[in-house]
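Okay, so here's the structure we're looking at.
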Amino acid sequence: EAGVTQFPSHSVIEKGQTVTLRCDPISGHDNLYWYRRVMGKEIKFLLHFVKESKQDESGMPNNRFLAERTGGTYSTLKVQPAELEDSGVYFCASSQERGQWRGGEQYFGPGTRLTVT
Amino acid sequence: AQTVTQSQPEMSVQEAETVTLSCTYDTSESDYYLFWYKQPPSRQMILVIRQEAYKQQNATENRFSVNFQKAAKSFSLKISDSQLGDAAMYFCAYRSAGGTSYGKLTFGQGTILTVHP
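Heads up: the sequence lines are chains W and H, in that order.
Residue 69 in our numbering sits at position 69 of the first sequence; the count goes up by one each step and never skips.
Offset between the second sequence (1-based) and our numbering: plus 1000.
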């Protein structure tokens, strides 16, 4: 079974440009999460999808970030326009919890390293 | 809001020895989950061990065990018989059992573990 995959693995863009990150969760996982780690800081939650719906987007930093999950499968995270402080590693994770169980494992992808110059 | 603190930025251990990584957290909730994740140099994070707050018994997974002190809000990870493959960054994480943000993992700053042969 394939794990969580992310594309690209590394992206270098200039300030003001647009970048789109993609995440393919493990097949059958309803839950998809985005996190990011800015250099020197802890990993921060961005948002949580349940199928195609946004369950929680409390961690999205501002309206320059737009996340979508088409048909409840893969997800994209677009940053437009990118700023220097957006540099970091963006992680995607997925999980298969259903019902009231909330303690399931989140399976993480390898991350996309975004560098904004 | 919940916070997670890992006070040891770096730790080292000799192969075959035992090491303990510290984690404290702050929450007003009574029901939650705690996790230790491991991120080897290849960057993909994997779950090491999980603890449900309602369980008094400490979780164990082979050479990995936790010391969960709910009243003290402490959740340390003990690695016994350390192996070279245990070298990684270890993250402590908190997750609520309910509410809108139930999917969100709150991470500590991470502890880099070095294993010496």
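Ideal placement from N, C-alpha and C gives every residue a C-beta, glycine not left out.
Quantities reported herein were computed from a predicted structural model and do not represent experimental measurements.
Closest by C-alpha distance to residue i, when choosing among the options
| i | options | result |
| --- | --- | --- |
| H:Arg1063 | H:Arg1095, H:Leu1077, H:Gln1057, H:Gly1098 | H:Leu1077 |
| H:Ser1074 | H:Glu1010, H:Gln1014, H:Glu1017, H:Leu1021 | H:Leu1021 |
| W:Asp24 | W:Leu84, W:Thr112, W:Lys41 | W:Thr112 |
| W:Glu85 | W:Ser11, W:Arg22, W:Thr20, W:Met39 | W:Met39 |
| W:Lys41 | H:Thr1005, H:Met1045, H:Gly1103, H:Lys1104 | H:Thr1005 |
| W:Lys44 | H:Cys1023, H:Arg1095, H:Ala1059 | H:Arg1095 |
Residue i - DSSP class collapsed to helix/strand/coil
| i | result |
| --- | --- |
| W:Thr70 | helix |
| W:Gly88 | strand |
| H:Asp1031 | coil |
| H:Asp1081 | coil |
| W:Asp24 | strand |
| H:Asp1086 | helix |
| H:Cys1023 | coil |
| W:Asn63 | coil |
| H:Arg1095 | strand |
Exposure of residue i, with buried meaning 16 or more beta-carbon neighbours within 10 Å
| i | result |
| --- | --- |
| H:Lys1055 | exposed |
Span separating the alpha-carbon of residue i from that of residue j
| i | j | result |
| --- | --- | --- |
| W:Leu77 | H:Ala1016 | 43 Å |
| W:Arg36 | H:Asp1086 | 24 Å |
| W:Ala67 | W:Ile26 | 18 Å |
| W:Asn63 | W:Thr18 | 13 Å |
| W:Gly16 | H:Ser1080 | 49 Å |
| H:Met1011 | H:Tyr1090 | 10 Å |
| H:Ala1093 | W:Pro81 | 31 Å |
| W:Ser87 | W:Pro8 | 14 Å |
| W:Val4 | H:Ile1049 | 20 Å |
| H:Lys1104 | W:Leu32 | 11 Å |
Please list, in chain order, the residues of the segment 22-56 of chain W that have any C-beta partner in chain H closer than 7 Å. Residues of the segment 22-56 of chain W with a C-beta less than 7 Å from any C-beta of chain H: Asn31, Tyr33, Glu42, Ile43, Phe45, His48, Gln55, Asp56, listed in chain order.
Within 9 Å of chain H by C-beta, residues of the segment 81-101 of chain W in sequence order: Val89, Phe91, Ala93, Ser95, Glu97, Gln100
Contact list for the segment 1040-1071 of chain H against chain W, Cβ threshold 8 Å: Ser1042, Arg1043, Gln1044, Met1045, Ile1046, Leu1047, Arg1050, Glu1052
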